[in-house]
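The structure appears right after this line, and notes come after that.
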Ligand code: GDP
């Protein structure tokens, strides 16, 4: 019998952050291969089953690529249970990614060795920093033409204001890539196979290569930090690995390090209390909702990150806010098009709960119904569009569809106080395409997303009397979000600045946390 805290301590729930094309998918595939199975339901499975899962995965991977609909992938390695959260693979930076990171305890940052830090890496990193999420760095594609390793390491330190500690140091790159030297064990991993220690390292490298390596190692040891678990876990220091995801080189080192040093499930902040993973009471929060995964059923799955307690299938959990009791009879894990029922799960695990629209992003589920997790944000959209329906008779239908898609987090919706047209807001432009095609495919609605007069949105807060005064004098810009919260739609940054100056008592928030 393992105890709740032992089970929780084995969990490593993490996400991979990277700029498109850096190699996230390739790295994911190799991590899953090392894990030997694609997903497991919170406990060790029979060997035969693990083998079957592997071949299923191969098939799915060939058919449609890995990051299509899988939200989380569970696998084991070195006695640790990994829950790898998939962040959306498309080019656009979306709210979905932000929210997924709220469910992660740590992250792996993949960097293309030829490119260094790219725009999306930086944005995602900033989100991790907001939550002090510890990050391990994998500098990928060393088997190709790469930048100087000192350059890369300095860039990470400078641009991200992060202390860095290389765990290994590369010899050569591209066609001349020879392998990496482990700065801690002083062993050399030969690119192409094998690990050498002591004098064998010297025998393997040419004299020039060896001299250069030792000079560089001296510089690294003198100039850069040693790995320090506490600093890493505080989000202040990132260990760096050099490797090649495609050639499965140094991926195992990364995974071993994750198993050993990455944090177990974190303490979660709730209203009026702190929830520890080892708390008896089962609790978790919804960080993602996916609807219509199976076109034959209007199903909807809420992804719940467990925060405390030992979850058992059949349990009844209470939804925060509504106080509704929900029997969880078919909790599932996902892999691409596959689902599997889970019998028990632990803090750090992600379970999918099928439901008919009851569960929404930001909801807390707990046994007592008294826990309310905070911190799942709505973000101020950067693009606001007006929805123009080709068939005006379908206005009601549109309202339903938009509300449903907003609950999933595909878009945000705003109902202006004046006028009847819906405004949708997104963070990245690709979300607009997704919205339009889903309106058509799933709801049979032909709609255009026209330019709107608005440039940005802010949630309004303050003393009720002040808010009322503000709303009265700004009716033309007022709208309600899907929960009825007041939002000010500004026509320009200038207008926003102007009203902010005119109404100093009003708080203009860029994010709104669901409570
Ligand atoms: P993602 O967009 O971050 O998921 O990137 P992918 O994993 O799809 O990789 C993008 C491209 O880079 C693909 O063509 C991969 O085969 C290639 N790639 C990924 N990792 C490596 C690597 O370590 N070495 C080389 N040479 N190519 C790689």
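Numbering (full-length UniProt numbering), first residue to last: 1 to 515.
For each residue, glycine too, the CB sits at the ideal point set by N, CA and C.
{"Item": "Per-residue DSSP class, three states only, for residue 147", "Value": "coil"}
{"Item": "Residue of 447, 33, 308, 418 minimising C-alpha distance to residue 397", "Value": "447"}
{"Item": "Extent of the continuous alpha helix (DSSP H) run through residue 214", "Value": "207–223"}
{"Item": "The region 156–173 in contact with the region 183–192 per 3-pair CB rule at 8 Å", "Value": "yes"}
{"Item": "Cβ-based burial, residue 493 [other Cβ within 10 Å; buried from 16]", "Value": "exposed"}
{"Item": "Opening and closing residue of the alpha helix (DSSP H) in which residue 470 lies", "Value": "464–473"}
{"Item": "Boundaries of the alpha helix (DSSP H) in which residue 432 is found, first to last residue", "Value": "430–443"}
{"Item": "Residue 355 (DSSP reduced to helix, strand or coil)", "Value": "strand"}
{"Item": "Pick from 348, 313, 126, 435 that is closest to residue 235, judged by C-alpha positions", "Value": "126"}
{"Item": "Three-state class that DSSP yields for residue 364 in the structure shown", "Value": "strand"}
{"Item": "Per-residue DSSP class, three states only, for residue 392", "Value": "helix"}
{"Item": "Element boundaries [beta strand (DSSP E), containing residue 281]", "Value": "Segment: none, residue 281 is in no beta strand (DSSP E) and carries neither H nor E."}
{"Item": "Beta-carbon gap between residue 75 and residue 13 smaller than 9 Å", "Value": "no"}
{"Item": "Member of 97, 457, 79 whose CA lies at the smallest distance from the CA of residue 85", "Value": "97"}
{"Item": "Separation of residue 403 from residue 357, as counted between CA atoms", "Value": "10 Å"}
{"Item": "Nonlocal neighbours in the same chain, by C-beta distance under 7 Å from residue 58, ignoring five residues either side", "Value": "Bear in mind that a pLDDT of 37 at residue 58, under 50, signals an unreliable position, so the number given afterwards is only what the model happens to contain. Same-chain partners within the cutoff: there are none."}
{"Item": "Within 9 Å, strictly: CB atoms of residue 321 and residue 307", "Value": "no"}
{"Item": "Cβ neighbours of residue 255 in the same chain (closer than 7 Å, five flanking residues each side left out)", "Value": "31, 34, 77"}
{"Item": "Helix, strand or coil at residue 476 according to DSSP, with G and I counted as helix", "Value": "helix"}
{"Item": "Nearest-angstrom beta carbon gap, residue 177 and residue 142 [assumed within contact, 8 Å]", "Value": "5 Å"}
{"Item": "Neighbourhood of residue 48 by C-beta, 7 Å cutoff - its chain only, sequence neighbours within 5 removed", "Value": "Model confidence at residue 48 stands at a pLDDT of 36, short of 50, so the residue's coordinates are unreliable and nothing is read from them."}
{"Item": "Rounded straight-line distance, which links the Cα of residue 323 to that of residue 364", "Value": "10 Å"}
{"Item": "Three CB pairs or more closer than 8 Å across the region 477–493 and the region 344–354", "Value": "no"}
{"Item": "Residue 22 (DSSP reduced to helix, strand or coil)", "Value": "coil"}
{"Item": "For residue 182, the first and last residue of its enclosing beta strand (DSSP E)", "Value": "179–182"}
{"Item": "Nearest-angstrom Cα separation, counted from residue 73 out to residue 210", "Value": "41 Å"}
{"Item": "Given 8 Å, three or more beta-carbon pairs between the region 463–474 and the region 381–390", "Value": "no"}
{"Item": "Cβ contact (3+ pairs, closer than 8 Å) linking the region 426–445 and the region 494–506", "Value": "no"}
{"Item": "Presumed contact (8 Å Cβ cut-off) between residue 179 and residue 191, rounded CB distance", "Value": "4 Å"}
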